[in-house]
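In the numbering used here, the protein residues as written are -1 to 233.
So the structure is just underneath, and the comments pick up after that.
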């Protein structure tokens, strides 16, 4: 499945169209599907025709596709890194989101060798190496999301950055990505998450899963993931 171009175009068009919830594009999911499936976003005049923001998102999606295939091949051949993404790959994704690169230092290690942002990414990556169930993976994902949403290491680009990276990790694991099927559902999830973020602000990270709204958010994400997995399996 992970080498099927139609699958990648379907998933990519849904994820990118969901991101348009944050940055409105004047293109439908079907139009984005055609751009990905036919590689039209690679044409010289693509930015002029479709706009730089959309083309940059499609470049991010192509990087994600290539790295997931590389990760799958590494795992199959028992060679290289299980998860092929590097810090430079994450930085490239961030820089395509933020032309001003205001928060690029979040990817730099400090004099003591620590960077809380990099440590949280590493924490999330460990879930990939473990044979985690969907439930265990989504719990780690939600905890990491709350941390990023509170700390905002990439400013206003934090949520979209996290959405993209978590989608990549979910796809690598073979789970269903988190893309709601209609806008009201997206608004419902957004409101639940915002409430959970407020509840967790000021709490220690190890206590996030004790917040009153944690289980309801977790169950909603689980339901969406299971639904989209059925959709992808039908392609």
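The C-beta atom is built at its ideal place from N, Cα and C for all residues, glycine as well.
What number of angstroms, rounded off, separates the C-alpha of residue i from the C-alpha of residue j?
i	j	result
residue 132	residue 217	11 Å
residue 52	residue 29	11 Å
residue 54	residue 77	31 Å
residue 234	residue 43	Residue coverage of the chain in this structure runs from -1 to 233, which leaves residue 234 outside it and unanswerable.
residue 136	residue 189	18 Å
residue 36	residue 6	12 Å
residue 98	residue 206	32 Å
residue 146	residue 166	17 Å
residue 139	residue 100	25 Å
residue 72	residue 106	27 Å
residue 219	residue 46	37 Å
residue 25	residue 4	19 Å
residue 230	residue 191	25 Å
residue 134	residue 195	20 Å
residue 8	residue 113	35 Å
Taking Cβ to Cβ, would you say residue i is nearer than 8 Å to residue j?
i	j	result
residue 233	residue 198	no
residue 40	residue 14	no
residue 170	residue 119	no
residue 240	residue 151	Examination of residue 240 is not possible in this model, given that the chain is present from -1 through 233 alone.
residue 177	residue 2	no
residue 193	residue 211	yes
residue 59	residue 69	no
residue 160	residue 92	no
residue 32	residue 12	no
Taking the alpha-carbon of residue i as reference, which of the options has the nearest alpha-carbon?
i	options	result
residue 202	142, 164, 219	142
residue 156	60, 74, 95, 67	95
residue 180	18, 5, 7	18
residue 126	204, 163, 200	163
residue 214	186, 200, 225, 74	186
residue 117	48, 73, 85	85
residue 221	183, 231, 196, 200	183
residue 10	50, 64, 122, 134	64
residue 62	124, 83, 75	83
residue 149	230, 115, 79, 204	115
residue 172	140, 196, 130, 138	130
residue 204	128, 121, 225	121
I believe residue i touches residue j by the beta-carbon criterion, under 8 Å. Please report the beta-carbon distance rounded to the nearest angstrom.
i	j	result
residue 153	residue 227	So it is not a contact: roughly 32 Å between Cβ atoms.
Need the endpoints of the alpha helix (DSSP H) that residue i sits in, please.
i	result
residue 138	132 to 149
residue 84	Taken as a continuous stretch (DSSP letters only), residue 84 belongs to no alpha helix (DSSP H), as it is neither H nor E.
residue 51	50 to 75
residue 189	181 to 198
residue 246	No answer is possible for residue 246: it lies beyond the span of the chain, which begins at -1 and ends at 233.
residue 167	156 to 171
residue 105	Note, residue 105: premise wrong, no alpha helix (DSSP H); not H, not E.
residue 216	212 to 231
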